[in-house]
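The working numbering puts the first residue of the sequence shown at 53, with every later residue one more than the last. Every residue, glycine too, gets a C-beta built ideally from N, C-alpha and C. Being a predicted model, the structure only gives us computed values, none of them experimental. Comments concern the structure below.
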Amino acid sequence: MKLSNALSNTKNDILLNPNAGTFSYVLHRLTGLALAGYIFAHIIVLSAVLSGPESFTQRLALVQTGIFHYLEIGLIAVIFIHMLNGLRITVADFANLTRLHKTLLWLSILIFCAIMAVTFYVFLF
Numbered sequence: 053m054k055l056s057n058a059l060s061n062t063k064n065d066i067l068l069n070p071n072a073g074t075f076s077y078v079l080h081r082l083t084g085l086a087l088a089g090y091i092f093a094h095i096i097v098l099s100a101v102l103s104g105p106e107s108f109t110q111r112l113a114l115v116q117t118g119i120f121h122y123l124e125i126g127l128i129a130v131i132f133i134h135m136l137n138g139l140r141i142t143v144a145d146f147a148n149l150t151r152l153h154k155t156l157l158w159l160s161i162l163i164f165c166a167i168m169a170v171t172f173y174v175f176l177f
């Protein structure tokens with residue numbers, strides 16, 4: 053299957069069936085891609101260790117700026133969205149709770165909001 057066909061089919065599915073499950077599916081895919089991209093950026097920063105401590109200190113200083121602190125909050129959000137949705141899917145499938153998918157989704161959203169409230173408090177105050 054071509055990538056363009058796959059993206060077109062996904063777009064059609066979203067438009068034809070816009071519900072919480074579809075939103076959750078798309079968000080899970082996007083956060084997974086974001087985490088995969090973050091891994092590469094993380095490896096690039098950490099690879100400076102191979103060039104010596106001075107190089108690592110310089111590279112680390114680049115990511116110790118104010119904008120990166122806000123990006124860290126975004127990273128925490130992406131990690132917890134992906135993790136909570138994955139746990140929700142796992143619990144629903146293995147505990148035979150597929151009828152409670154919407155309830156579990158709202159529970160994971162509530163837990164996510166609590167985690168982000170603590171995150172904002174720790175990072176910003």
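Beta-carbon proximity of residue i to residue j, cut-off 7 Å
| i | j | result |
| --- | --- | --- |
| H153 | A144 | yes |
| F164 | F132 | yes |
| F108 | A100 | yes |
| L157 | S76 | yes |
| F175 | I125 | yes |
Residue burial classification, residue i (beta-carbon count within 10 angstroms, cutoff 16)
| i | result |
| --- | --- |
| S160 | buried |
| T83 | buried |
| S60 | exposed |
| R81 | exposed |
| R140 | buried |
| N57 | exposed |
For this session: Count the C-beta pairs between the region 112 to 131 and the region 82 to 89 that are closer than 8 Å, then say yes if the count reaches three, no if not.
Result: yes
For this session: Taking only runs that begin and end inside the region 72 to 146, name each unbroken beta strand (DSSP E) of 3 or more residues, in chain order.
Result: None, since the region 72 to 146 contains no complete beta strand (DSSP E) of that length.
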